[in-house]
Amino acid sequence: MIWVVFAILTAAAALSVLVPLARAAAAAGAGSSQQRADVAFYEAETASIARDLERGVIDAAEAEAAKAEAARRLIAAADDQPDHAPSPWGRRIVALTSLAFIAIGGVGLYGFIGAPDYPDQPLMARRAAPPDQMDLMAALSKVEAHLAQNPGDGRGREVVAPVYMRLGRYADAVRAWSEAISIMGANAERETSLGEALTFASEGKITSEALAAFQRAHALSPTYAQARFYLGMAAEQAGEKGKAADLWSALYLDTAPDSPWRPMLAQRLQTIGYPPPGETSGVPKGEAAAAIAALPADQRNVAIRGMVDSLAARLEQNGADPEGWRRLVRAYVVLKEPEKAKAALVQARRALSADADALASLEALAREMGLGG
Amino acid sequence: MIVEVGHYALVLAFALCLVQMVGPMWGSLTRDRALMAIAAPVSIMQFLLIALSFAALTYAYLVSDFSVLNVVENSHSQKPLIYKISGVWGNHEGSMLLWVLTLALFGALVALRAKRMPEDMAATALSVQSWVLGAFLLFVLLTSNPFARIASPPMEGRDLNPLLQDPGLAIHPPLLYLGYVGLSITFSFAAAALIHGRIDAQWARWVRPWTLIAWMFLTVGISMGSYWAYYTLGWGGFWFWDPVENASLMPWLAATALLHSALVMEKRDALKVWTILLAILAFSLSLLGAFLVRSGVLTSVHSFASDPQRGVFILLILVFFIGGSLALFALRVQSLKQGGIFAPISREGALVFNNLLLTTSCATVLVGTLYPLALEAVTGDKISVGPPFFNLTFGPLFVPIFMAMPIGQLLAWKRGDVLGATQRLAFVIGLAVIVGLMLAWVRGEPVLAVLFAALAAYVIAGSFVEIWSRVTAAGYDIGLMWRRAVGLPLSSWGTAIAHAGAGVTLFGLAATGWGVERIAGMKPGDNVDLGPYVVTLDDVQRRPGPNYIETAAFMTIREGGVVVGRLEPSRKFYAHRSMTTTEAGLRTIDLGQVHIVIPEQNSDGSLDVRLYWKPYVTLIWIGSIFMFIGGGVSLADRRLRVGFARRPSRKDAPAAQPSAAE
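Below, the structure written as structure tokens:
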């Protein structure tokens, strides 16, 4: 089918050359259009001179001179007329060369750069495909189309937003959460999720938009833990470690002892140089991090180093772990070993060279850590 | 299938270019009428094929066909319809496709009118046009193909640069391209004239309508772009002497000069060599603009993505056409018959004066644009030649142009009388002085604003003196005056309107001196004084848009306690590109505008707000509309249509209606 259309187009292009060629050859010899144009121009010019004369822009003598000048030009132009009949062979050669140009130039170049066997793929048609042939992305796309048609469906947006987060489509998650908020109203959970999505969308940096969202969440529900955690993170990123420590310590104390949150908080506090409050740092909570935190300073370093080394060894074996590489680079920086950090970065780039997204976030980390490009 | 048909049509158009580059040119040199006869049909077929190709790409955008790479990179299924369409040319590949479409459109328009021209000229000009078209088609096909496909299409696209998601984008590039590319026709005619050594008044008459069309669209295109920057970029300004803006201003200056010198060539058969050179230069500057914008030499909104391969390709096109045409010019200039000589004080003398100043100002802009680039390339130093340079050089050059505009209109051809013309302008000069004094009293400082406003008043009033004196030549009877006014050639009206438009724009520019600017941190309930007005921030709200989240500030403008208007400046956050744009709030009051931008939202909920009151600012753009209308009226003049078209095209049809009353 597509080749039929191509053939029709090619034929039209060829005819646009061949038809006038044949016609003009048949009509050769009839009066030159150049002469006609020259005469028409001369007539227009004398008419305009007459008009100028009538309006008094020029006087009679000037008008005469101008007319004479125009006439001189007409005669000069008539001197230069074509006067010979070209041979039909030239024309045949042109016809053949044109066909060659069109056929070879057109089909050849198209064959080189075109993709004739690629069908059109309109989005609607792809969404309409039967469900069993549909992958997760297509199904999601179908849901998206449904949401676009039902702008009042806030619940649907709330359901689809976490899916976006898992897929790493943070920007879409941002949109879904903010639409959900404007449809169903704000609450601490939705605002925090919006802030979280915004933070992930900008590679972990808490932007002013995200911060505003966490603040709104906090205002709506002062005890909501996640918002408080992110507010602390914002303070940390802004360089206000004291404030971050206060926020996280308060949160730590409000968190139930068996909460999975607690060790993470403790770890966070450790990284910014503050011990977790309350129960002294001697109480391990079953998590490795907490256990290490509990060791005396020198042993703790050894333990951390051991973990880092085993991570490095694991990555040496299996490099397809972007998160692992990032953790390793970060760890070396925290341990104040920039050389090793750089070396790890180089290895990571090599290991992840096939994964553009991972590379991008790796580079972002390198920038953030001040390791240079 | 539709997408690939569009792709094939584009390739086929290129193949036809190959035929057209050689066939008609050869025919015109050997005087073979059959070969010359293919020029017009082939040009029309080229246009149809490229139009088909453009339609195919537009289709791919409309149905969000993400198997087309260009659609993935620049569209999104949730994007509003108008931006799906305008997104077609909102990116490098698509905009180049629009560029070749416009090239082909002008070729086809000339082809439709080819019967009114000597066939060798028409054939050669169309052939040269195909050289240009072919070069750009090859560029599109090899380095910037909008039809590149991907085997496993994603389910969603990456969205269009938010700055470009604006009605301005739907209008600005097509208008500007009509202007830029319209100059290609005058270039092709100039090349044809050089090839055939046939340079005469008749040539000027064929070329002038095309120059006029290009100039008209360039004028509104530049003006639209400036208005777009004004309301969307949030700098409160409308012209920044940015290289990209300069790239469009230079062809405009050259086209303006060409328009006037072609008039001298047509009326007096003089200034011929100069006019040809200007025709070449005007299009060369268009190409230079395309190079600067498309090669990535400059980074700005206009450059989209660019890579060095493309830059080199365009540079080759640039070198080939500018170098080739100038070489042809140098080769032929000796054999060209020079036109008559003429007195310096005459209409043609005034037009030469105009040409000298316009080309000098064009050269100034060229230096100011290229010097920093050259310096950076050679030494690596970054310098910025900004508004001070241009204001100091460009301003003084334009003052005499404005002063001379009404005088030139009053001078007769061949020999004029400056004193007489000045006397006829005495009333206008008096009027300008009165306007100046009134403004000085009402508005006060700065002095420059008053002086330029008075100059503008002089230009506006002076533009109509010639018409007034012709209308009242037979007395002041209303009926008689009406009949005489209707009987005047449309081109006189066109000149007057376009010149007055330039004056109107000048007035708007002068009035920027009286503007007021405030920067304030505002919370809901705060008031800020802004010139004669008080602006109150009532509320700040967040609301989601189709593909962005908007933070809108609701503001009220009061004058002496009375509400004169409300504004909603906003910031739009586009999550897909993690990008925020500012949308200025604009309120037109009389001819001025209150312009409010929110450059930043602080974490404590307050807004950084920039507020401007710009009296008479809209006149800057209104003036350009007058220039466009003036050009259209002139184009509708029956005398101009001789050798142009028997049947008016759709473009000049509305303007042609008044001529029926003649």
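Residue numbers (our numbering), protein chains in the order written: chain A, 1 to 373; chain B, 1001 to 1662. Even glycine gets a Cβ: it sits at the ideal position worked out from N, Cα and C.
Partner residues in the beta bridge of A1553(B), as assigned by DSSP, are V1540(B).
DSSP, read as helix, strand or coil, puts M1579(B) in strand. Contact between L194(A) and S178(A) holds, since their C-beta atoms are separated by about 6 Å, short of 8 Å. The beta carbons of A210(A) and A180(A) sit no closer together than 8 Å. Around G156(A), the same chain offers V143, H146, L147 and N150 as residues with beta carbons nearer than 8 Å, after the five sequence neighbours per side are excluded. Residue contact check for R166(A) against chain B: no CB pair falls below 8 Å. Of the candidates A219(A), A24(A) and A213(A), A213(A) places its Cα closest to the Cα of I1549(B).
For chain A, the residues of the segment 1054-1067 of chain B that bring a beta carbon within less than 9 Å of one of its beta carbons are Y1059, A1060, L1062, V1063, S1064, D1065, F1066 and S1067, in chain order.
By the neighbour-count criterion, in which a residue is buried when 16 or more other Cβ atoms sit within 10 angstroms of its Cβ, Y1476(B) is exposed. With a cut-off of 8 Å on Cβ pairs, the segment 1190-1197 of chain B is in contact with the segment 1123-1135 of chain B, counting three or more such pairs.
Judged by DSSP in its simplified three-state form, G168(A) adopts coil rather than helix or strand. Distance from the Cα of A1214(B) is smallest, within the candidate group G1179(B), Y1231(B), F1238(B) and G1221(B), for G1179(B). Of all residues in the segment 1543-1556 of chain B, those with a C-beta nearer than 9 Å to a C-beta of chain A are R1543, P1544, P1546, N1547, Y1548, I1549 and T1551, reading in chain order. When rounded, the separation of the alpha-carbon atoms in R127(A) and A1060(B) is 16 Å. Our two residues, G152(A) and V174(A), have alpha carbons roughly 17 Å apart in a direct line. Secondary structure in the segment 1078-1161 of chain B: the alpha helix (DSSP H) runs of 4 residues or longer, each lying completely within the stretch, are 1081-1086, 1092-1112 and 1119-1143 in chain order. N1527(B) sits in a strand when the DSSP states are folded into three classes. In the three-state reduction of the DSSP assignment, R1571(B) falls in the strand class, which pools E and B. The three-state reading of DSSP puts M1522(B) in strand, counting E and B together. Straight-line spacing of the CA atoms in P1209(B) and E1466(B) works out to 23 Å. Among the bridge pairs identified by DSSP, T1588(B) is matched with Q1593(B).
Distance check between G1311(B) and each of P1446(B), A1498(B), V1140(B) and R1518(B) places V1140(B) closest, using alpha-carbon atoms only. Scanning its chain for C-beta atoms nearer than 8 Å, with the 5 sequence neighbours on each side dropped, one finds around V39(A) the residues L74, in chain order. Contact with chain B is absent for T199(A), since none of that chain's Cβ atoms lies less than 8 Å from the residue's Cβ. Within the DSSP secondary-structure output, Y1533(B) pairs in a beta bridge with L1530(B). Distance from the CA of A1330(B) to the CA of G1585(B), rounded to the nearest whole angstrom, comes to 54 Å. Residue-level contact by beta carbon holds for V94(A) and chain B, with a gap shorter than 8 Å. Sorting A1148(B), A1108(B), H1172(B) and L1137(B) by C-alpha distance to the C-alpha of S1086(B) places H1172(B) at the top. Residue nearest to V1471(B) within the set G1462(B), R1484(B) and D1529(B) is R1484(B) (criterion: CA-CA distance). A distance below 7 Å between beta-carbons, with the five flanking residues on each side excluded, links A1474(B) to the following residues of its chain, in chain order: L1480 and R1484. Residues of chain B whose Cβ lies closer than 7 Å to the Cβ of P116(A) are, in chain order, E1004. At a cut-off of 8 Å, the C-beta of I1625(B) has no neighbouring C-beta in chain A.
By DSSP's assignment, L1611(B) forms a beta bridge with R1518(B) and I1596(B). For a Cβ distance threshold of 7 Å, residue set F1014, A1015 and L1018 of chain B lies close to G105(A), ordered along the chain. Below the 9 Å Cβ cutoff, chain B contributes L1012, A1015, L1016, L1018 and V1019 as neighbours of I102(A), in chain order.
T1058(B) sits away from V1011(B), with the two beta carbons spaced by 8 Å or more.
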